[in-house]
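Here's the structure we're looking at; comments come further down.
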Amino acid sequence: MGNSSNKGFSTRAIHAGGQPDKETGAVMPPIYQTSTYVQSSPGEHKGYEYTRSHNPTRSRLEENLASIEQTSYALTTASGLSMIDLIMHMLPAGSKIISGDDVYGGTYRLFTTVFQDRHDFTFIDTTDLSAVKKVLEEGADLIWLESPTNPTLKISDIASIASLAKNTNTLSVVDNTFMSPYFQNPVVLGADIAYHSLTKFINGHSDVVGGAIMTNDETIYNKLFILQNSIGPCASPFDSWLVLRGIKTLGVRMQRHAENAQQIAEFLEKHSRIKKVIYPGLKSHPQHELAAAQMSGFGGMITFYLDGDIESARKVLERVKLFALAESLGGVESLIEHPAIMTHASVPKEVRESIGLYDNLIRLSVGIEDVEDLINDLRGALQ
Ligand code: P1T
Numbered sequence: 042m043g044n045s046s047n048k049g050f051s052t053r054a055i056h057a058g059g060q061p062d063k064e065t066g067a068v069m070p071p072i073y074q075t076s077t078y079v080q081s082s083p084g085e086h087k088g089y090e091y092t093r094s095h096n097p098t099r100s101r102l103e104e105n106l107a108s109i110e111q112t113s114y115a116l117t118t119a120s121g122l123s124m125i126d127l128i129m130h131m132l133p134a135g136s137k138i139i140s141g142d143d144v145y146g147g148t149y150r151l152f153t154t155v156f157q158d159r160h161d162f163t164f165i166d167t168t169d170l171s172a173v174k175k176v177l178e179e180g181a182d183l184i185w186l187e188s189p190t191n192p193t194l195k196i197s198d199i200a201s202i203a204s205l206a207k208n209t210n211t212l213s214v215v216d217n218t219f220m221s222p223y224f225q226n227p228v229v230l231g232a233d234i235a236y237h238s239l240t241k242f243i244n245g246h247s248d249v250v251g252g253a254i255m256t257n258d259e260t261i262y263n264k265l266f267i268l269q270n271s272i273g274p275c276a277s278p279f280d281s282w283l284v285l286r287g288i289k290t291l292g293v294r295m296q297r298h299a300e301n302a303q304q305i306a307e308f309l310e311k312h313s314r315i316k317k318v319i320y321p322g323l324k325s326h327p328q329h330e331l332a333a334a335q336m337s338g339f340g341g342m343i344t345f346y347l348d349g350d351i352e353s354a355r356k357v358l359e360r361v362k363l364f365a366l367a368e369s370l371g372g373v374e375s376l377i378e379h380p381a382i383m384t385h386a387s388v389p390k391e392v393r394e395s396i397g398l399y400d401n402l403i404r405l406s407v408g409i410e411d412v413e414d415l416i417n418d419l420r421g422a423l424q
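If you want my numbering, it's the 1-based position in the sequence shown plus 41.
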């Protein structure tokens, strides 16, 4: 990282891991698109043997990610879910895992299908501190928080939960995908691991699928590195390079995502066809004060309930022109989606409805286009 560790966020985002190439002076890092590395004698090499274990482009990305999340270590994988897979493999069989009850549908599916026979999962509302305290005191090996949650944007008190977890020897992991390291730093707040789907805001251009963890704990990093190398879901050199490039504009992108989302949330809150808008930056959000305290901005995600049924929701989703009807989030372009049919279809209907994920719920990933155009698009679709 050179001397950028004491610098501001965007300076670190642009420079960490970005030292000019020693051989050529290239200002942008080379894409080391190689699977293997020559050895001068068996076992004698320059630190690189095989790209599943190490790759210089990926090392630069990991150096950068640790810097922007303010941790000592970062490790990447080829998708967000494959990183969760490594974390679940890191725990001994029979571990007790507490998870927020409103997590990304794919995370829920991984917990309740692939790992349901290996570990013991309990899903709770992690916004309820006394409920969290109770389950932690009963004994747990890991607590998995998403804050804000996907898609109902519930905010959990990261510092308090991390401190309760420390007292009970429970590992705390925070899925920080929705905020990105620009607006929230879970490890600085006391959590053991910050987790990200790099696919979203960090890369920011909807052209890579990737995952990462950042931590100060060397033992956790080493265990996950061994699993990454043994199981093999490594991020490719080209994807690593694209994410490294995307991160350079993370600060300005997040500011614009949040400014646009605030205006759109306020527009929707006044609209007669909308029953309820959920956005952490609205005073009406149940954890608005907590959000303002632990995040430095409110992000680009908005969820709203239409005053209508699934058919009215379908019409809105079909009528938008600028918002693309698509899964995923966090790119520069605005996306709209229907969680019950799309991203959270793997969550059973009764579980979905118990957490407020009804058929009239629509999720927006607000991009960085001109906000007037986005508002006009929504106004037209809601007419
Ligand atoms: O898609 P992948 O990179 O494997 O990341 C999974 C993931 C993890 N955590 C959160 C909070 C996520 O939102 C996701 C992926 N989410 C979507 C694809 C979505 O549209 O919600």
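Beta carbons are placed, not taken as given, at the ideal position from N, Cα and C, and that holds for glycine. All of these numbers come straight from a predicted model, not from anything done at the bench.
Asked: Beta-carbon proximity check, residue 502 vs residue 412, cutoff 8 Å; Found: No statement about residue 502 is possible, as the shown extent of the chain runs from 42 to 424 and does not include it.
Asked: Contact set for residue 405: own chain, Cβ-Cβ below 6 Å, skip 5 residues either direction; Found: 343 and 377
Asked: For residue 224, three-class secondary structure by DSSP; Found: helix
Asked: For residue 108, the nearest candidate out of 393, 270, 229 and 409 (CA to CA); Found: 229
Asked: CA nearest to the CA of residue 122, picked from 200, 99, 241 and 212; Found: 241
Asked: Extent of the continuous beta strand (DSSP E) run through residue 138; Found: 137-141
Asked: Through-space distance from residue 193 to residue 61, alpha-carbon basis; Found: 43 Å
Asked: Where the alpha helix (DSSP H) containing residue 309 begins and where it ends; Found: 291-311
Asked: Closer than 7 Å: residue 250 CB and nearest the ligand P1T heavy atom; Found: yes
Asked: Limits of the unbroken alpha helix (DSSP H) element including residue 287; Found: 278-288
Asked: Under the three-state DSSP convention, the category residue 42 falls into; Found: With a pLDDT of only 42 at residue 42, under the threshold of 50, the placement of this residue in the model should not be trusted; the figure read from the coordinates follows. Coil, per DSSP.
Asked: Top-ranked residue by Cα proximity to residue 280, from 291, 301, 246 and 267; Found: 246
Asked: Residue 407, buried or exposed, once every other Cβ within 10 Å from all chains shown has been counted against 16; Found: buried
Asked: Selected residue, minimal CA-CA separation from residue 72, among 86, 150 and 97; Found: 97
Asked: Check whether residue 156 and residue 140 have beta carbons under 8 Å apart; Found: no
Asked: Which of helix, strand or coil DSSP assigns to residue 51; Found: helix
Asked: Length of the line joining the Cα atoms of residue 128 and residue 177; Found: 19 Å
Asked: Residue 69, enclosing beta strand (DSSP E) - first and last residue; Found: Counting along the chain, residue 69 falls outside any beta strand (DSSP E), and DSSP gives it neither H nor E.
Asked: The ligand P1T heavy atom lying under 7 Å from the CB of residue 195; Found: no
Asked: Reduced DSSP category for residue 180 - H, G, I as helix; E, B as strand; rest coil; Found: coil
Asked: Element boundaries [alpha helix (DSSP H), containing residue 256]; Found: No alpha helix (DSSP H) contains residue 256, which is instead part of the beta strand (DSSP E) from 252-256.
Asked: Closer than 7 Å: residue 216 CB and nearest the ligand P1T heavy atom; Found: yes
Asked: Beta-carbon proximity list for residue 424, same chain, < 6 Å, skipping 5 on both sides; Found: none
Asked: Sufficient close CB pairs (3 or more, under 8 Å) joining the stretch 130-139 to the stretch 281-296; Found: no
Asked: Neighbourhood of residue 93 by C-beta, 7 Å cutoff - its chain only, sequence neighbours within 5 removed; Found: 270, 273 and 275
Asked: Segment contact, 8 Å Cβ cut-off, at least three pairs: the stretch 313-333 with the stretch 286-293; Found: no
Asked: Three-way DSSP call (helix, strand, coil) for residue 383 in this model; Found: coil
Asked: Through-space distance from residue 200 to residue 167, alpha-carbon basis; Found: 12 Å
Asked: Cβ-based burial, residue 172 [other Cβ within 10 Å; buried from 16]; Found: exposed
Asked: Nearest residue (CA-CA) to residue 422, options 59, 165 and 365; Found: 365
Asked: Proximity test, residue 368 beta-carbon vs the ligand P1T heavy atom, cut-off 7 Å; Found: yes
Asked: 8 Å CB neighbourhood of residue 249 in its chain, flanking five on each side removed; Found: 239, 240, 280, 283, 284 and 287
Asked: Through-space distance from residue 197 to residue 354, alpha-carbon basis; Found: 29 Å
Asked: Residue 147: CB within 7 Å of a non-hydrogen atom of the ligand P1T; Found: yes
Asked: Cβ-heavy atom distance, residue 167 to the ligand P1T, below 7 Å; Found: no
Asked: beta-carbon residue 104 near the ligand P1T non-hydrogen atom, thresh 7 Å; Found: no
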